[in-house]
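> Residue numbers (my numbering): 918 to 1075.
Just so you know, even glycine gets a beta-carbon here, dropped at the ideal spot from N, CA and C.
Source: prediction; values computed, not measured.
This is the structure, below, for whatever I ask next.
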C-alpha cells in the first residue's frame, strides 16, 4: 500500500515534532519559505499565473533573470526531510568517530565530562559507546529512508 506524498509528509512531521521538535521547527520553517526559482525556470503555468498577478498589481513582468519563490511539491518536501535526516545522522556519526579517533591517537580519555567536576552528577559520554550508537542510528536512518523510497516505487521493488 502506497501512502500519498502529503500523507507521508504529515506522518513524518508529526513524528519529528514529537521526537525532535527543534529539527521539525527548522524543517517546517524552510518548507514554508518555499524554494527560489529563476523566472526562466518557472513552468509555463506558474509564469502565466505570476504574470497575471503582477499585471493586476501594476508591477513589471517577471524577467528571465528575476527570482520567484514557489512552494515545494509534496515529493520535494519529503526529499528535503530525507536529506536533512540523512545529513544529521551522517554528521552525528562522523563527529563522534573523529573525536574518538583523535582521543585514541593522542592517548586521551575516551570519556567526555560536561559541567562542573565538583558537582554530584556531572554528565558525560563514553566515546566508544556513543560512536557505536551514532553508527547504528545512521544505519537505521539509511535503512528507513531507502525502504520508504522503495515503497514509493511501483511494486515496491528495490
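1. Measure from the alpha carbon of residue 951 to the alpha carbon of each residue in 987, 1034, 1033, 1030, then state which is nearest.
2. State the beta-bridge partners of residue 954 as determined by DSSP.
3. I need the boundaries of the alpha helix (DSSP H) containing residue 990, first residue and last residue.
4. Quick one: give me the first and last residue of the alpha helix (DSSP H) that residue 1023 is part of.
5. Can you find the residues in the same chain that come closer than 7 Å, C-beta to C-beta, to residue 1047, ignoring five residues on each side of it along the sequence?
6. Following the continuous beta strand (DSSP E) through residue 1041, name the residue where it begins and the one where it ends.
7. Determine the extent of the alpha helix (DSSP H) in which residue 933 is found, giving its start and end residues.
8. How many Å lie between residue 1021 and residue 1007 at the Cα?
9. Residues in its own chain within less than 7 Å of residue 863 by CB, not counting five upstream and five downstream?
10. One question on the structure: do residue 948 and residue 940 come within less than 8 Å of each other, judged by their Cβ atoms?
11. Starting from residue 1030, follow its DSSP beta bridges and name the residues at the other end.
12. Below 8 Å between beta carbons: does that hold for residue 999 and residue 926?
13. Under the rule that 16 or more other beta-carbon atoms within 10 Å means buried, what is residue 1051, buried or exposed?
14. Would you call the CB atoms of residue 954 and residue 1002 closer than 8 Å?
15. Roughly how many angstroms lie between the CA atoms of residue 978 and residue 992, to the nearest whole one?
According to the structure shown:
1. 987
2. 985
3. No alpha helix (DSSP H) contains residue 990, which DSSP labels as neither H nor E.
4. No alpha helix (DSSP H) holds residue 1023; DSSP gives it neither H nor E.
5. 1013
6. 1040-1043
7. 922-936
8. 21 Å
9. Nothing can be reported for residue 863, as the shown portion of the chain is limited to 918 through 1075.
10. The answer is no: Cβ separation not under 8 Å.
11. 1041
12. No, these two residues do not count as a Cβ contact at 8 Å.
13. buried
14. no
15. 29 Å
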